[in-house]
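> Let me begin by handing over the structure; questions about it come next.
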Amino acid sequence: ELPLEQDYAISLLIDLSGSMMGENIEEAYKAVVVLSEALNNIGIKMAVTGFNNYTSGYKDFDEQYTDEKRKRSERMLRDVTGGTNAAPAVSEVFTKIKKRPEKKKVIFVFTDGQPNSGPDLKDEVMKVEKSGDVQIIGFGLGSGTEFVASYFKDNIVNVSVHELANKLAQKVRDVIERG
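Written out as structure tokens, the structure is:
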């Protein structure tokens, strides 16, 4: 049974720091496209945001995943540069998603490197977790990403970039099945 449109809002927050250059961002982009198309087809609201030294929006919740949005999402491949300023990005995405009317709200954060400010990220993630109405899940892309577990209670670490699309799809399925 497919979930009802009004019940889910999913936000993908993608690390676009310099360390994501090459295969990491290419595979992350593919996973974003596959998930965006699948969720769009079943009516689940989804947003895509990238972060490095700044945040960049690629798709908002109420936008359909059209050819125009696909082209906008392709910018991710060129926007890879700078640091891993995750804390302000989590804060911004949390502020947006908590205002959504959907019953179930989930933020997926994808990163391959330590954040610029670990204590700030811990604080921001804790705010989300304590809110009670937004779930946040950290994905560590590549080997050596055990550190992700120190920021996110709900996490998947050391995800091979080649397994990302499948791991993400499985985690989304788990979230939806748990309702």
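12 is the number of the first residue of the sequence shown in my numbering; add one for each residue after it.
Think of the CB as a built atom: it goes at the ideal place given N, C-alpha and C, for glycine as much as any other residue.
All of these numbers come straight from a predicted model, not from anything done at the bench.
Could you check which residue in F163, L152, I55, G54 has the C-alpha nearest to that of K133?
The option with the nearest alpha carbon to K133 is F163.
> Output needed for S142: all residues of its chain with C-beta closer than 6 Å, excluding positions within five of it in sequence on either side, in chain order.
If we look at S142 and ignore the five residues flanking it on each side, it has no Cβ neighbours.
> Find out if the Cβ-Cβ distance for the pair V63, G94 is shorter than 8 Å.
Here residue 63 turns out to be Asn, not Val, going by the sequence shown. Yes, Cβ-Cβ distance for N63 and G94 is below 8 Å.
> Taking the beta strand (DSSP E) that T95 belongs to, which residues open and close that run?
From DSSP, T95 is part of no beta strand (DSSP E); its letter is neither H nor E.
> Would a C-beta distance cut-off of 8 Å place A20 and I148 closer than the cut-off?
Taking 8 Å as the Cβ cut-off, A20 and I148 do not qualify as a contacting pair.
> Would I187 pass as a contact of V145 if the rule is Cβ separation under 8 Å?
Taking 8 Å as the Cβ cut-off, I187 and V145 do not qualify as a contacting pair.
> Report the CB separation of L24 from A180 in whole angstroms; it is logged as a contact under 8 Å.
Not a contact, Cβ separation roughly 17 Å.
> May I have a chain-ordered list of the beta strand (DSSP E) segments no shorter than 3 residues that lie completely inside the segment 110-185?
115-122, 145-152, 165-170, all fully within the segment 110-185.
> Within 10 angstroms of the Cβ of P126, are there 16 or more other Cβ atoms? Answer buried if so, exposed if not.
Counting Cβ neighbours within 10 Å, P126 comes out buried, since at least 16 surround it.
> Is DSSP giving I108 helix, strand or coil here?
If DSSP states are grouped into helix, strand and coil, I108 belongs with the helices.
> Contact check, V43 vs S84 under 8 Å by CB: the rounded distance?
Indeed they touch by this definition, with Cβ atoms about 6 Å apart.
> Can you tell me where the beta strand (DSSP E) with I25 in it begins and where it stops?
Run containing I25: 19-26, per the beta strand (DSSP E) assignment.
> Out of E37, L175, H173, G124, state which residue places its alpha-carbon closest to the alpha-carbon of A160.
Among E37, L175, H173, G124, the Cα nearest to that of A160 is on G124.
> Considering only the alpha carbon of each residue, which of F158, G153, K178, L27 lies closest to P130?
Selected option, being the one with the closest Cα: F158.
> Decide if N177 is buried, meaning its Cβ has at least 16 other Cβ atoms within 10 Å, or exposed.
Classification for N177: exposed.
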